[in-house]
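Worksheet for the structure shown next.
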Ligand SMILES: *Cc1c(COP(=O)(O)O)cnc(C)c1O
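Residue numbers (this note's numbering): 3 to 468.
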């Protein structure tokens, strides 16, 4: 593809995306294809000869699009959002155009320096503890996902405890609440510590970890000769947006010299608004922290910001220097080489899209949208509460409303199936206190009041049958 051909087809592709943005609201949110349906329509073998761009786009429309679930529909209320925005898409496109591989500072200095800088901006923008700034012993790095971030935190924590207590025996044990994300257990398995190294700590009625139970569990483990090394606290659990009490947990971790990782994958973005920062109270006691701009900060997947208070153990755990990558800048010690802050060697220029987003919206623009999502979710929660058929299943916090019809699991399942089959909206579910619970999360960039109103109308109509 010559630059001229690229110019021409690139315009078509941009137009295609702009058309999609205009139409996505009208498309059935949840894809309706059956398993195998997309593959059946694709040829068995790749084309021997190259094909015109037009036929690729045609097949995109005819074969691929029916198999898309529209995460960027303003009627998408399922799971947690994975939103995007124009500036993010364009930043990502330019990153693709540059095609740099930022494993080392020397392999593209701007890729590293912009990343460091934008993450420092976010420490300020979200009011995070200053120990996460790159100008301290700590600093930030963009990971692909929160799952990778917690794996890196586990590896750094193990490195720290093992270098401090060389030769100390005893099994390493980790702690998280019963509501923690599945990536914690997976990270422990990948690290070779196994699922059995994870202790599940009970939660209070608001779904936050009980610090008394954490302290007990640690004391029991120490008495049994195990070595507590890692706690993951969650700010905004995936099931019901429960908040673990960071300050209490942090103090327990300090007492026993245990690494505290804080997972704020979705909810972290809300800290851009000062009025929502109370959830981070005690965060200065954390050794690492992560939140996902690719969930709620208008930055398309993948982009997870991971901060550490001390980069030493992380780099000791993950740093490696083969001969063929040796270079003066690294040897001088004056630069950051982010390949030492993550599992893979190679890395994309993800900071570019985040920089585009922060500059296009400004802090105020992001605050305004986050506030709007929260206000809409709270309004929706009010509608649930004033309808005698329904009840809230958990406190409605930030942009998530967990609710259920009082008629029991079967009725809720039918409401869920019916509204999702309508194509006009998509919500998901969880189980709370062993009751099927509907989850309604507002976070798509373009969701407005009318979409939420329309969704409530659908749910309310579906409930009329019971
Ligand atoms: C979504 C989520 C994750 C996982 O996010 P990925 O970036 O997809 O790995 C982890 N923790 C919490 C609390 C989440 O909500």
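By construction, the Cβ of each residue, glycine as well, lies at the ideal position given by its N, Cα and C atoms.
If you're wondering where the values come from, they're calculated on a predicted model, not measured in any experiment.
With DSSP as the reference, identify every bridge partner of residue i, one or two as the case may be.
i           : result
residue 473 : There is no way to answer for residue 473, as the model of the chain reaches only from 3 to 468.
residue 144 : 307
residue 96  : Answer is none; residue 96 lacks a bridge partner.
residue 176 : 200, 232
residue 78  : 428
residue 291 : 264, 309
residue 245 : 237
residue 399 : 402
Quick check on the burial criterion: 16 or more other C-beta atoms within 10 angstroms. Buried or exposed for residue i?
i           : result
residue 117 : buried
residue 252 : buried
residue 35  : exposed
residue 460 : buried
residue 72  : buried
residue 326 : exposed
residue 301 : buried
residue 452 : exposed
residue 278 : buried
residue 297 : buried
residue 10  : exposed
residue 437 : exposed
residue 157 : buried
residue 435 : exposed
residue 412 : exposed
residue 239 : buried
residue 388 : exposed
residue 198 : exposed
Can you name the start and end residues of the beta strand (DSSP E) that residue i belongs to?
i           : result
residue 362 : First-last for residue 362: 353 to 387, but that is the alpha helix (DSSP H), not the beta strand (DSSP E).
residue 439 : 437 to 443
Return helix, strand or coil for residue i, following the three-state DSSP convention.
i           : result
residue 260 : coil
residue 296 : helix
residue 211 : strand
residue 432 : strand
residue 205 : strand
residue 462 : helix
residue 322 : coil
residue 336 : coil
residue 68  : helix
residue 220 : helix
residue 454 : helix
residue 250 : helix
residue 108 : helix
residue 28  : helix
residue 102 : coil
residue 170 : coil
residue 161 : helix
residue 448 : coil
residue 316 : helix
residue 347 : coil
residue 551 : Because the chain is modelled from 3 through 468, residue 551 falls outside the range shown and cannot be assessed.
residue 271 : helix
Beta-carbon separation of residue i and residue j under 8 Å?
i           : j           : result
residue 229 : residue 174 : yes
residue 68  : residue 27  : no
residue 236 : residue 204 : no
residue 405 : residue 418 : no
residue 4   : residue 340 : no
residue 78  : residue 428 : yes
residue 308 : residue 93  : no
residue 87  : residue 359 : yes
residue 80  : residue 430 : yes
residue 91  : residue 19  : yes
residue 306 : residue 148 : yes
residue 332 : residue 121 : no
residue 420 : residue 464 : yes
residue 233 : residue 177 : yes
residue 14  : residue 131 : no
residue 161 : residue 48  : no
residue 227 : residue 172 : yes
residue 294 : residue 268 : yes
residue 96  : residue 347 : no
In terms of residues, what are the limits of the alpha helix (DSSP H) holding residue i?
i           : result
residue 17  : 5 to 25
residue 113 : 111 to 127
residue 39  : 39 to 42
residue 278 : Run containing residue 278: none; DSSP gives neither H nor E here.
residue 420 : 411 to 423
residue 130 : Here residue 130 belongs to no alpha helix (DSSP H), and DSSP marks it neither H nor E.
residue 188 : 184 to 192
residue 46  : Element bounds for residue 46: n/a, residue is neither H nor E.
residue 342 : No alpha helix (DSSP H) holds residue 342; DSSP gives it neither H nor E.
residue 55  : 55 to 61
If we define contact as Cβ-Cβ less than 8 Å, is residue i a contact residue for chain C?
i           : result
residue 394 : The structure shown contains no chain C, having only a single protein chain.
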